[in-house]
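Have a look at the structure below before the remarks.
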Amino acid sequence: MSSAFDQLARPVQKWIRQQGWRELRDIQARAIRTIYESENDLIVAASTAGGKTEAAFFPLISQVLDAPAEGGGFDVLYIGPLKALITDQAGRLEGICQEVELPVVPWHGDVSQSVKTRAMKNPKGILLITPESLEALFVRRGLEIARLFGATRAVVIDELHTVLDSERGVQLRSLLTRLELAIKRPIRRIGLSATLGDMDLARAYLRPDNAEHVTLIEADGGEAELKLQLRGYLSGGEDDNTPSATDAVAAHLFEHLRGSDNLVFAGARQRVEIYADRLRNLCEQEHLPQEFYPHHASLSRDHRDFVERRLKDNGKPTTAVCTSTLELGIDIGDVTCVAQIGAPFTVAALRQRLGRSGRREGQPAILRQYAVETRLSSDSSFVDRLRLGLIRSIAMIDLLLEGWCEPPKPQALHLSTLVHQILSVIAQRGGAPANVLYSVLCREGPFRQISTAMFTDVLRALGHPETGLIEQTDGGLLLLGQNGERLVEHYSFYAVFKTPEEYRLVSNGRELGTLPIDNILSPGMMLIFSGRRWLVQEIHDREKVIMVKPAKAGVPPVFGGDPGEIHDNVIARMFDVLKADTKPLYMDANALGMLEEARLNYAQIGFTDASLVNLGEETSIIATRVGTMKTTTLALALRGFGFSVEQYDGFLQVEAGDETPLLTEVLTRIGEGEVVDLFAGAGNLLTEKFHPYLTRELLEIDAVSSRLEPRVLATLARAFVSQL
DNA sequence: GACCTGCTGCGGTGTG
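Residue numbers (UniProt numbering): 1 to 724.
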């Protein structure tokens, strides 16, 4: 074996030999050398089951064994985004550590109190924890952080891409800074990831002050061959004898996926239930054993475990129809094919999903993309005519093949999470002056875009008598106010993300899953849920329970959701596809026919030469040719002038009212830099968990920073005016 | 026009 192997501690070498491994993988050898020969932070990027965990832990465990820390404290900290992932990884690490008396401590909400108490008394070895449980340690045991982590050599962050610029990612980066401040020295950071669109940005996220010293270790090549098909289907119209597009897609899935393990990404929980129901019926009709199961976050843990077990190690063929629940996380083994119904929202998700297939030597990765479009009639809208879903699928596959995916958005302020961290630091220290808070969170921590003036505004909002989250002593120390105490004391404080209220669905004492509270149901209604059909018997509003019993028919429930966000590059590529005349080889005849139709209509409506087209007296269509953030900004501006506006991928449909000025005149004014109020017709600004404690002014600033781009408004408007 | 993720400490009762 290699020289890297020789650097490892004896017990680790022994364990590797016992596995029958003839050599270390390239990323493992490189990670070992980097960790032994430098103090650098590092990012290890490789596909699922590519040996990333071992790449980080072989050398880390070896270093701990070769030079045990004096005194107590955890030697290595691992942070994982899922409880299931922590349980999985703890099992793997225990295998390596069992002969060396290095404790492996899983720590999350489902771990028993006794395990936690024991670990607190004698902190040692590897601690595997969620961001929320780490947050809880800071809030509840703020003074013990230095004792627990004083000896920690490294922090391993798993699935780094999931925490880059989410609220949760900002929370984690804030906690890492606070950890280093508490023990008064930096801790080596090691990020593990599969999908990273922009490596330089990822390095800057891992270590903002020293990104150039983040070593990047990427698995080279080795990507499986990709087999790809995009099939087109039409829904609506025609007579009753033609099968619906849903039936046709289900029939195709049934025929081609039966007999092996597969993942079908259906895009929404409601569609998961619809397709799982159809596929189940097809099995019953053919008198075949059931092998298609739904999987999404509203289904009970029991049911999800069952489906995951069947995928993982059961010999029975299993296809999960799922949402992004099966996109990352625990190892479910290799699947034969990944199907995607409708275009996804990001190329990153598509890439991550595809990574679930083609992992076995010599097996190709297979992607079956289904595009379902509306059958056209004489009064079809321009959106249907342009077949935007199909076009987006093509654009995304194009970008996927080029290796591009969405980078993080570094400009967002994350004021909701800032509120959370202010309260958390005050709780940790039992009080803090404003300048210390600013220094910890905004100078050292991740909130670097926040000026002292804005920080003061946030503190004022939190200290306002009606909010009552914080108060100030005569000496200038900030303490938790009455409402602040109440908020921080409750266990729901630790997570920074918002969760909707839900009803529990129960049949015969068994919990099937949950439904959002705004889903209006009444006794007697029939429901498809968890791949079966149910009759609603009773609804208990106070206990938030819905009692159901098996039934023969049903309709899928409505789950609701947030608007998606499509990147500029995806929209730009969609317009390239509409303008081009190439015919991708991976499309079937139906899909090619639909593409041809879309291109013809694109030219016919006049978008080849113009971006502003009038359809009748009141209706205009603007081809913005840019992504969701910029398109939404223009839509808000126009609504401010009284237009009613509908938004699509790269397009706006604008309706003039009785009082509205001419659209071209408004666009000219915007193009000349007239200041417009984007929030005049304001929608809901309370999108994050701690938003209710901020002023309207701060909420608008936060919305602009994360969801809008007012700076490009004038340029955008000028582009349309110049064409007139 | 969508999806996903997480949670402490205490007091009560029961068991060996």
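Just so it is clear, CB atoms sit at the ideal spot from N, CA and C, and this is done for glycine as well.
Beta-carbon spacing of residue i, residue j below 8 Å
i	j	result
Ile470	Leu478	yes
Ala211	Ile43	no
Leu234	Leu253	no
Met396	Val570	yes
Leu207	Arg178	According to the sequence shown, residue 207 is Arg rather than Leu. Their beta carbons are not under 8 Å apart, which means Arg207 does not touch Arg178 by this criterion.
Leu685	Glu700	yes
Leu713	Leu634	yes
Leu521	Leu390	no
Gly355	Thr48	yes
Ile126	Leu102	yes
Thr624	Leu716	yes
Val488	Met526	no
Leu423	Val458	no
Alpha carbon of residue i to alpha carbon of residue j, nearest angstrom
i	j	result
Val249	Ile341	9 Å
Arg368	Lys409	30 Å
Leu176	Tyr78	12 Å
Gly109	Asp88	15 Å
Leu638	Val645	7 Å
Phe559	Asn519	7 Å
Ala224	Leu678	47 Å
Ala434	Ser451	13 Å
Val163	Pro131	10 Å
Ala495	Ala589	48 Å
Thr246	Ile274	9 Å
Ile366	Leu226	6 Å
Thr608	Leu288	52 Å
Leu326	Phe690	29 Å
Val670	Phe643	Note that residue 670 is Ile in the sequence shown, not Val. Approximately 14 Å, taken between the alpha carbons.
Ser357	Arg486	47 Å
His213	Cys442	22 Å
Phe346	Met574	Before going on, a small fix: residue 346 reads as Thr here, not Phe. Between Thr346 and Met574, the C-alpha separation is close to 13 Å.
Ser722	Ala656	21 Å
Thr374	Leu388	11 Å
Trp404	Leu350	11 Å
Residue i burial status per 10 Å Cβ neighbour count (16 or more: buried)
i	result
Pro692	exposed
Gln421	buried
Val115	exposed
Lys316	exposed
Lys549	exposed
Thr456	exposed
Val675	exposed
Leu662	exposed
Tyr602	buried
Ile517	exposed
Pro123	buried
Pro523	exposed
For residue j and residue i, believed in contact at Cβ under 8 Å, the rounded distance
i	j	result
Val104	Ser62	At roughly 15 Å, the Cβ-Cβ gap does not stay under 8 Å, so Val104 and Ser62 are not in contact.
Arg353	Val338	5 Å
residue 745	Leu65	The structure shown does not extend to residue 745, since the chain is modelled only from 1 through 724, so no value can be given for it.
Ala343	Thr323	In fact, because the Cβ distance is near 15 Å, the residues do not count as touching under 8 Å.
Gly650	Val626	7 Å
Ala412	Ser3	Actually they do not touch by this definition, with Cβ atoms about 44 Å apart.
Pro557	Leu515	6 Å
Val577	Ile394	5 Å
Beta-carbon proximity list for residue i, same chain, < 6 Å, skipping 5 on both sides
i	result
Val383	Tyr648
Arg173	Pro446
Ala719	none
Asp165	Pro408, Lys409
Ala55	Ile27, Gln28, Ala31, Val44
Ala680	Gly640
Tyr205	Leu164
Tyr586	Leu228, Gln229, Leu230
Spatial neighbours of residue i in its chain, beta-carbon cut-off 7 Å, leaving aside the 5 residues before and after
i	result
Ala276	Phe292, Tyr293, Pro294, Val321, Gly531
Pro186	Glu180
Tyr36	Gln7, Pro59
residue 791	Since the first and last residues shown for the chain are 1 and 724, residue 791 lies out of range.
Phe497	Glu167, Arg168, Lys689
Contact set for residue i: own chain, Cβ-Cβ below 8 Å, skip 5 residues either direction
i	result
Trp15	Gly95, Ile96, Glu99
Arg310	Tyr293, Lys316, Thr318
Gly80	Ile86, Gln89, Leu128, Ile129, Thr130, Asp158, Glu159
Arg448	Pro208, Cys442
Residue i CB to nearest heavy atom of the ligand ADP below 7 Å
i	result
Glu286	This structure does not include the ligand ADP; it has no bound ligands of any sort.
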